[in-house]
Amino acid sequence: MNHAELIRALPKAELHVHIEGTFEPELMFAIAKRNQVDIPFKSIEEVKQAYNFHNLQSFLDIYYAGANVLIVEQDFYDLAWAYFEKCHEDHVVHTEMFFDPQTHTERGIAFETVLNGLRRACQDAQTKLGISSELIMCFLRHLSEEDAFKTLEQALPYKDVIVGVGLDSSEVGHPPAKFERVFAKARENGFLIVAHAGEEGPAAYVWEALDLLKVNRIDHGVRSEEDPQLLERLVKERMPLTVCPLSNLKLCVVDDMAQHNIKRLLDQGLCVTVNSDDPAYFGGYMNDNFFAITEALNLNEAELKQLAINSFEASFLSEVEKEKWINQIHAL
Ligand code: HPA
Ligand code: ZN
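Under the numbering used here, the residue at position 236 of the sequence shown is numbered 246, and the numbers go up by one with no gaps.
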């Protein structure tokens with residue numbers, strides 16, 4: 011088996027994908043037409059040309075604009091279903107997807123509308139494609155603590171549907187400390203905890219995510235490399251980092267894939283995983299991310315298998331499920 015064949019054959023779990031970031035322009039146009047809402051682009055080509063980002067914020071502005079066309083439950087279903095079809099193509103057998111309720115509730119869309127559409131797609135993915143999934147609700151960190159508390163309240167009746175809570179949007183200037191009390195309440199209510207930290211923000215934000223939010227995983231975390239003591243801790247605790255290589259390239263977190271630190275972090279014993287983040291905007295889904303790092307960093311078969319194993323180890327699957335998939339990887 012060559013490397014590309016191995017990448018395709020490996021069962022994989024995706025742990026860092028924003029469902030609103032899987033919104034392909036073709037579907038965006040179709041749903042905009044169906045809902046009779048305007049979008050600020052004349053054609054699919056024009057949309058794709060706008061996907062030229064120079065930092066996180068330049069992406070977020072377009073990402074939130076795209077999400078505005080999502081209005082009824084079926085829209086959220088169609089969005090998630092299209093992503094599950096990509097999972098199926100890429101042999102992603104388990105996914106833990108983020109959704110941003112505030113992006114929708116701010117526009118007058120009911121929390122239930124979002125959740126019911128996503129939940130139904132998750133159920134169909136299990137029965138029709140054999141893909142297991144979990145939902146992780148993210149707080150938008152550029153909004154207030156009070157707003158996050160309100161969002162958490164809305165999620166409480168759905169504790170059995172939402173496995174965890176996370177933190178996303180504009181990182182710099184909005185440190186994890188801003189949401190310490192919200193995450194304490196989320197933990198008391200049994201939610202697992204993740205947070206974006208160390209993407210554009212400094213290593214200090216990763217320390218805060220660990221110490222104040224008490225995360226089960228760090229999303230991105232690539233800037234942890236700047237702090238050797240932090241790296242030591244991440245290794246000792248086997249704290250997973252959900253790394254998103256094509257995202258880091260498109261948002262200029264790295265200048266060149268050959269400089270990406272995922273291999274260095276793997277070599278140092280960190281539990282790093284490969285993820286697509288916002289694949290419709292960043293030029294590729296799971297396997298595209300694997301192909302890009304394999305080529306740029308010369309990854310070998312053992313490293314590719316380790317990355318896939320890490321994705322299950324770092325997941326919120328049961329120990330029995332983790333072992334089942336990891337055994338399949340060893341057998342390849
Ligand atoms: N970082 C922060 N917020 C986000 C991202 C990201 O990469 N993608 C979608 N929201
Ligand atoms: Zn992200």
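Note that CB positions come from ideal geometry on N, CA and C, so glycine has one too.
Remember, it's a predicted structure, so these values are computed and weren't measured experimentally.
Using only the alpha-carbon positions, how far apart do residue i and residue j sit?
i: D110; j: L162; result: 12 Å
i: D266; j: L259; result: 7 Å
i: K195; j: E15; result: 45 Å
i: A214; j: G208; result: 8 Å
i: V103; j: T115; result: 30 Å
i: F149; j: A131; result: 22 Å
i: Y73; j: H26; result: 16 Å
i: F63; j: A40; result: 24 Å
i: S321; j: E311; result: 16 Å
i: V124; j: Y87; result: 8 Å
i: A23; j: G118; result: 33 Å
i: E210; j: H270; result: 14 Å
i: A42; j: Y93; result: 18 Å
Whose C-beta lies closer than 7 Å to the C-beta of residue i among residues of the same chain, with five residues either side of it excluded?
i: Q84; result: G127
i: V204; result: I146, G174, G176, V225, N226, R227 and D229
i: L153; result: Q112
i: L70; result: S179 and S180
i: F121; result: P111, T115 and Q164
i: A290; result: G31, T32, F33 and E34
i: H184; result: R151 and H152
i: W217; result: L240
i: V182; result: E210 and G211
Report the three-state DSSP secondary structure of residue i (helix, strand or coil).
i: A205; result: strand
i: V182; result: coil
i: G31; result: helix
i: F108; result: strand
i: I350; result: With the chain running from 11 to 342 in the structure shown, residue 350 is simply not present.
i: D170; result: coil
i: D287; result: strand
i: K195; result: helix
i: H270; result: coil
i: G76; result: helix
i: G127; result: helix
i: L251; result: strand
i: L220; result: helix
i: A40; result: helix
i: H64; result: coil
i: L70; result: helix
i: A120; result: coil
i: E235; result: helix
i: H26; result: strand
i: L240; result: helix
i: V264; result: coil
i: V103; result: strand
How would you write the range of the beta strand (DSSP E) that residue i sits in, first residue to last?
i: M147; result: S142 to L150
i: V47; result: No beta strand (DSSP E) holds V47; DSSP gives it neither H nor E.
Among the residues of its own chain, which have a CB less than 8 Å from the CB of residue i, if the five just before and after it don't count?
i: L223; result: L177, P186, F189, E190, F193, I203 and A205
i: C262; result: F63, H64 and N65
Can you list, in chain order, the residues of its chain whose CB lies under 6 Å from that of residue i, leaving out five sequence neighbours each side?
i: I172; result: L145, M147 and A165
i: H28; result: F108 and D288
i: G293; result: L256
i: A306; result: M267 and A268
i: T304; result: H13
i: V282; result: L251, V253, I272, L275 and L276
i: E235; result: N271
i: R248; result: C281
i: F201; result: G174 and V175
Between which two residues does the alpha helix (DSSP H) holding residue i run?
i: V330; result: E329 to A341
i: Q59; result: I54 to Q59
i: N320; result: E311 to E323
i: A158; result: E155 to A165
i: N299; result: M296 to L307
Report task. Could you tell me whether the stretch 149 to 169 touches the stretch 132 to 140, using the rule of 3 or more Cβ pairs below 8 Å? Result -> no
Query raised in the report: Per the contact definition of three or more C-beta pairs closer than 8 Å, is the stretch 320 to 336 in contact with the stretch 53 to 70?
Result: no
Query - Sufficient close CB pairs (3 or more, under 8 Å) joining the stretch 292 to 300 to the stretch 95 to 110 - result: yes
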